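**Student:**
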Amino acid sequence: MTHEELLEKFSQELPGEKSHLAFMPFRGSSLEQLKSGISYRDAAVAIILFHNAKNELSTIVTKRQNYDGSHSGQISFPGGKKEVSDRNLLETAIRECYEEIGIDASSFELLKELTPLFVPVSKFLITPYIFYAHTHSFDYVASEREVAHIYELDLINLYKPESIVAIDLELSSDFKMKRVPHFQQGEILIWGATALILNELKDILN
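For the sequence shown, the positions run 1 to 206 when the UniProt record's numbering is used.
Encoded structure:
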């Protein structure tokens, strides 16, 4: 998919929450959960698209460090909560991207703001921003506190039907989830909010 084709894809109306619900129908609608009066904190993530050295459309994700928290060790996009110093959520996404992986997303082309997603376990309302980088070479500087590893994912392979699997999760001794949908690429397993965002991106690109 060329850069021009990408621009055409992102000029269309977003698929929205139906993409989230199609991937994980039992989680319920973000909009309906927010209507119930749940308090939340704003957050944003940066989704950097680029064509790798083989001209394959790719993106960047991180594996979080292990810590005492709800998203320990998970695969995620660079991002985090909105700080008082951030004028808007786009600034949040850019700042967090630089803090986590040392990449200045403000130098990239902003393509689209995707559908916000509510995460009940952490009470974040996440707004994803799509950027396009006209390069395939990045000088990563990973945050030792937050990032255990940085991965570049080939989206064509990630979106193949055989890359979508259902796995039982044991998040703690008293919290288990059956047949949770994941995207899988090699050793990388992606579920939860990151998978839902990736599914909306898949529907846009398809």
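Cβ atoms here follow ideal geometry from the backbone N, Cα and C, with glycine treated the same way. Computed from a predicted structure; not experimentally measured.
Write down every uninterrupted run of the alpha helix (DSSP H) in the stretch 27–64 whose length is 4 residues or greater and which is fully enclosed by it, in chain order.
**Tutor:** Listed in chain order, the complete alpha helix (DSSP H) runs (minimum 4 residues) inside the stretch 27–64 are 30–35.
**Student:** Buried or exposed: which applies to Ala105, given that a residue is buried once 16 or more other Cβ atoms fall within 10 Å of its Cβ?
**Tutor:** Against the sequence shown, residue 105 aligns to sequence position 105. When all chains shown are included, Ala105 counts as buried.
**Student:** Tell me the residue span of the beta strand (DSSP E) that contains His149.
**Tutor:** Taking the first residue of the sequence shown as position 1, residue 149 is located at position 149. Counting along the chain, the beta strand (DSSP E) containing His149 begins and ends at Val147 to Asp154.
**Student:** Below 7 Å CB to CB, which residues in the same chain sit around Glu17 once its five sequence neighbours on both sides are set aside?
**Tutor:** By 1-based counting over the sequence shown, the position of residue 17 is 17. Result list for Glu17: Ser29, Ser30, Leu31 and Thr115, in chain order.
**Student:** Could you check the C-alpha separation between Gln74 and Ala53 for me, to the nearest Å?
**Tutor:** Along the sequence shown, one-based indexing puts residue 74 at 74. Along the sequence shown, one-based indexing puts residue 53 at 53. Going from the Cα of Gln74 to the Cα of Ala53 covers about 27 Å.
**Student:** Using the beta-carbon count (16 or more within 10 Å), is Val147 buried or exposed?
**Tutor:** For the purposes of this step, residue 147 is taken as residue 147 along the sequence shown, with counting starting at 1. Buried.
**Student:** Under 8 Å, with one C-beta from each stretch per pair, do the stretch 74–84 and the stretch 107–121 reach the 3-pair mark?
**Tutor:** These segments do not touch.
**Student:** Within 10 angstroms of its Cβ, does Asn199 collect 16 or more other Cβ (buried), or is it exposed?
**Tutor:** The sequence position of residue 199 within the sequence shown is 199, counting from 1. Buried is the call here.
**Student:** Could you tell me which of Leu111, Ala43 and Phe23 sits nearest to Glu5, measuring between CA atoms?
**Tutor:** Taking the first residue of the sequence shown as position 1, residue 5 is located at position 5. When each option's Cα is compared against that of Glu5, the closest is Leu111.
**Student:** Indicate the three-state DSSP secondary structure (helix, strand or coil) for Glu5 in the structure shown.
**Tutor:** On the sequence shown, position 5 is the one that residue 5 refers to. Helix at Glu5.
**Student:** Mapping the DSSP letters down to three states, classify Asp168 as helix, strand or coil.
**Tutor:** In the sequence shown, counting from the first residue as 1, residue 168 sits at position 168. Looking at Asp168 - three-state DSSP - the assignment turns out to be strand.
**Student:** Check Lys18 in the structure and name its three-state DSSP category.
**Tutor:** Position 18 of the sequence shown, counted from the first residue, corresponds to residue 18. Looking at Lys18 - three-state DSSP - the assignment turns out to be helix.
**Student:** Going by the beta-carbon positions, is the gap between Tyr140 and Gly102 smaller than 7 Å?
**Tutor:** As a first step, residue 140 must be located in the sequence shown, where it is residue number 140. As a first step, residue 102 must be located in the sequence shown, where it is residue number 102. The answer is yes: Cβ separation under 7 Å.
**Student:** Look at Asp154 and Ser58 and say whether their C-beta atoms are less than 7 Å apart.
**Tutor:** Here the question's residue 154 lines up with position 154 in the sequence shown. Here the question's residue 58 lines up with position 58 in the sequence shown. The answer is yes: Cβ separation under 7 Å.
**Student:** Counting only the same chain and skipping the five closest in sequence on each side, list residues whose C-beta sits under 7 Å from that of His136.
**Tutor:** Position 136 of the sequence shown, counted from the first residue, corresponds to residue 136. Only Phe50, His51, Asn52 and Ala53 meet the Cβ criterion.
**Student:** Exposed or buried, Ala46, counting other C-beta atoms within 10 Å across all chains shown (16 or more means buried)?
**Tutor:** Here the question's residue 46 lines up with position 46 in the sequence shown. Its Cβ being crowded by 16 or more others within 10 Å, Ala46 is buried.
**Student:** Considering Cα atoms alone, identify which of Asp42, Tyr159, Leu125 and His149 is closest to Leu201.
**Tutor:** Residue mapping note: residue 201 aligns to position 201 of the sequence shown, counting from 1. The shortest Cα separation from Leu201 among Asp42, Tyr159, Leu125 and His149 belongs to Tyr159.
**Student:** Between the Cα of Val165 and the Cα atoms of Ile150, Leu205, Glu144 and Ile190, which residue gives the shortest distance?
**Tutor:** Locating residue 165 in the sequence shown gives position 165, counting from the first residue. That would be Ile190, whose Cα lies nearest to the Cα of Val165.
**Student:** Please go through the same chain and pick out, in chain order, the residues whose beta-carbon is closer than 7 Å to the beta-carbon of Glu119, but skip the five residues on each side of it.
**Tutor:** The sequence position of residue 119 within the sequence shown is 119, counting from 1. In the sequence as presented, Glu is not what sits at residue 119; that position holds Val. Ile126 and Ala193, listed in sequence order.
**Student:** Near residue 207, what residues of its chain come up, given a Cβ to Cβ distance below 8 Å and the 5 sequence neighbours on each side ignored?
**Tutor:** Any answer about residue 207 is impossible in this case: the structure gives the chain only from 1 up to 206.
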